[in-house]
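Colleague:
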Amino acid sequence: MTNENLLKSLYERYKLNFQGQEIVLGDGRTDAELVLIGEAPGKDEVRLSKPFVGMAGKNLSEFLDILGVGRDSIYITNAIKYRLAAISKDTGRLVNRPAARPEIEDNRSYLLEELKIINPKLIVTLGNVPLRSVTGDYSISIGAVHGRILKTQIMGGEYEIYPLYHPASIIYNRALKDTYINDIKSLKSIIRS
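Mapping of the sequence shown onto the numbering used here: position 168 corresponds to residue 177, and the numbering continues sequentially without gaps.
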């Protein structure tokens, strides 16, 4: 079976298990050497049915430009493939909310199978949720491990992970931008070697 067929089967099972959710599946090369994993889609991603297309997508484009990597050469997905939303107490509007541990756990096996199918050389986790989902370690923090290679086991294989802050975190915390850019430059040298 091809990677495309394996992913199609995985995604059909995912859609059945999470019926009624606003689902956005992974996108990109199914044989990519580099996989990027975010937390969950937001309203723009749901509207366009594609990961990382909103404001975080703009930051991701800058990230890819620095790396010298085209979006069409990688695979992009989320640890949780449906929108996590709540009604804002302030505005009464639907807003994104953080993932709860049971949601991470409910989605983890699907993410790990997705990664096993694609079999990348390097997995870049964007934020705490994908980092914890891939490693299964809920005590780990992006602030402690960002910008360096970690190794983890996924369904019998060893994979390298490069944790980064999520591009959206730069929107809300401009002070992280220099750290984020330095981590990306380090990642670029890793990819080139």
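Where is the CB? At the ideal position from N, CA and C, for every residue including glycine.
Could you check the C-alpha separation between I200 and L121 for me, to the nearest Å?
Modeller: In a straight line, the C-alpha of I200 is about 22 angstroms away from that of L121.
Colleague: Can the beta-carbon of T161 be found closer than 8 angstroms to that of T144?
Modeller: In this structure, T144 lies closer than 8 angstroms to T161 by Cβ.
Colleague: Please report the distance separating the alpha-carbon of R102 from that of D53.
Modeller: Approximately 15 angstroms between the Cα atoms of the pair.
Colleague: DSSP state of K59, grouped into three classes?
Modeller: Coil at K59, not helix or strand.
Colleague: Of all the options E42, L140, E114, which has the alpha carbon lying nearest to the alpha carbon of L131?
Modeller: The option with the nearest alpha carbon to L131 is E42.
Colleague: Taking C-alpha atoms, which residue in D81, Y91, D74 lies nearest to V33?
Modeller: Answer by Cα proximity: Y91.
Colleague: Mind checking whether L19 and E167 have CB atoms under 8 angstroms apart?
Modeller: For L19 and E167, no; Cβs fall outside 8 angstroms.
Colleague: May I ask which residues mark the beginning and end of the alpha helix (DSSP H) holding P139?
Modeller: Note, P139: alpha helix (DSSP H), 137-144.
Colleague: Ignore the nearest five residues each way along the sequence and tell me which others in R117's own chain have a CB closer than 6 angstroms to its CB.
Modeller: So the qualifying residues of the chain are S142.
Colleague: Among the candidates S70, I158, L93, whose CA atom is the shortest distance from the CA of F27?
Modeller: The option with the nearest alpha carbon to F27 is L93.
Colleague: With a 10 Å radius around its C-beta and 16 neighbouring C-beta atoms as the bar for buried, classify D192 as buried or exposed.
Modeller: Buried, by the Cβ-count rule.
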